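Each remark here refers to the structure printed beneath this line.
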Amino acid sequence: RFWNLNRIIFVIIGSEEVRNVLKWVSLFSACCLVFSVQLGVQTLPFLLSGELFPADIRAFCKGLTRSFACLLLIGSLKMFPLIEHSIGLHGTFYSFSAVMLVCTPVIYFILPETKDMSLEMVENYFLPSRTRFYVDLIR
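Heads up: take any position in the sequence shown, counting from 1, add 278, and you land on the working numbering.
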């Protein structure tokens with residue numbers, strides 16, 4: 279049965295029209311992937327670095343943030359096959375989601391809400407003299 283199914287798929291994919299359609303489908307799916315990744319969590323550190331670093335060292339710190347994020351991305355890509363081999367695909371995704379669940383409260387409680395705040399207000403929030411809450415800065 280499996281052999282017959284492979285023959286049918288080969289005959290269908292073997293036609294020139296189907297191959298052309300599959301090329302466009304693969305291009306469209308790759309574009310959808312890139313678009314959806316840019317809407318997600320991957321862009322968050324790069325957006326926040328423009329608000330959280332002081333103006334005089336912002337460019338340098340944004341470069342460090344980007345480099346560190348790229349190193350973490352490379353590390354996770356290199357670790358994925360090793361973890362998948364040892365605990366399986368489901369375990370790998372469960373472990374990555376566990377890391378995200380641990381990090382989410384940290385991000386929620388540490389990062390300030392910067393909506394309707396100027397960059398100067400955000401910089402004042404992070405001054406080491408005393409902790410200021412964003413509601414004190416709006417007044």
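Cβ atoms here follow ideal geometry from the backbone N, Cα and C, with glycine treated the same way. The structure displayed is predicted, hence computed values, not measured ones.
query = Is it true that the stretch 336-348 meets the stretch 356-368, where meeting means three or more beta-carbon pairs spaced less than 8 Å apart?
reply = no
ask   = Roughly how many angstroms separate the alpha carbons of S307 and S364, rounded to a whole number?
value = 30 Å
request  = Please report how far the alpha carbon of G328 lies from the alpha carbon of F387, in whole angstroms.
outcome  = 19 Å
query = Measuring CB to CB, does A347 end up less than 9 Å from F331?
reply = no
ask   = In this structure, does DSSP put F371 in helix, strand or coil?
value = helix
message = Does V380 pass the burial test, meaning 16 or more other C-beta atoms within 10 Å, or should it be called exposed?
response = exposed
query = So, using beta-carbon positions, are L389 and L349 closer together than 9 Å?
reply = no
task = Using three-state DSSP, classify K340 as helix, strand or coil.
result = helix
query = Quick one: what does DSSP say K393 is sitting in, helix, strand or coil?
reply = coil
inquiry  = On a Cα-Cα basis, can you pick out the residue from L305, F313 and R336 that is closest to E401?
reply    = R336
query = Nearest-angstrom Cα distance between M395 and A333?
reply = 15 Å
key: C-alpha distance - G369 paired with E398, whole-angstrom precision   = 44 Å
inquiry  = S354 and C371 - do their beta-carbons sit closer together than 9 Å?
reply    = The question names Cys, but residue 371 in the sequence shown is Phe. Their beta carbons are not under 9 Å apart, which means F371 does not touch S354 by this criterion.
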